[in-house]
Each structure stands twice: as C-alpha cells, then as structure tokens.
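Have a look at the structure below, then the notes.
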Amino acid sequence: MPLSGEAIRTMNYVDDISVTLRRILAVLPSLTDEERQRVAEHIKHADPSFESVIAALAGKK
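For the sequence shown, the residue numbers in the numbering used here are 11 to 71.
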C-alpha cells in the first residue's frame, strides 16, 4: 500500500531529527563535563519526548 504524503512528510521529520542528533553527538566531545550534564538534563526534560511519540504511535496515550 502506498504511503500518503503526510506519512512521507512525517518520515522526513524523523530524518531531520536523526540529523540533529548526529550534530549533537558531533559537538559533545568539545563540551565540558558541566555543559554535557546541562545538555543531558535539557534533553531529559524536553517535551514531547522521543518516548512519548513512540507511545502515541503505538496507540498508548
């Protein structure tokens, strides 16, 4: 079954997220321990989170 334009667009958003995560990983070695901790906390508290999106896709709200 072919994908709708909306599904393809959503998958492109996921690709954009992957690019962003690669950029984050690339810069991590240049951060101090304190900066790394602050970035980690910022990611942990981001909303919506990766986990919440996966749960929504699985039908768990």
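Note that CB positions come from ideal geometry on N, CA and C, so glycine has one too.
Note that the coordinates shown come from a computational prediction; the quantities given were computed from them, not determined experimentally.
Three-state secondary structure (DSSP) of residue i
i	result
Asp57	coil
Gly69	coil
Enclosing alpha helix (DSSP H) for residue i [first to last residue]
i	result
Met21	15–37
Neighbourhood of residue i by C-beta distance below 6 Å, restricted to the same chain and skipping five residues each side
i	result
Ser59	none
Leu13	none
Same chain, Cβ closer than 8 Å to residue i, neighbours up to 5 away in sequence not counted
i	result
Glu8	Here the chain has residues from 11 to 71 only, and residue 8 is not among them.
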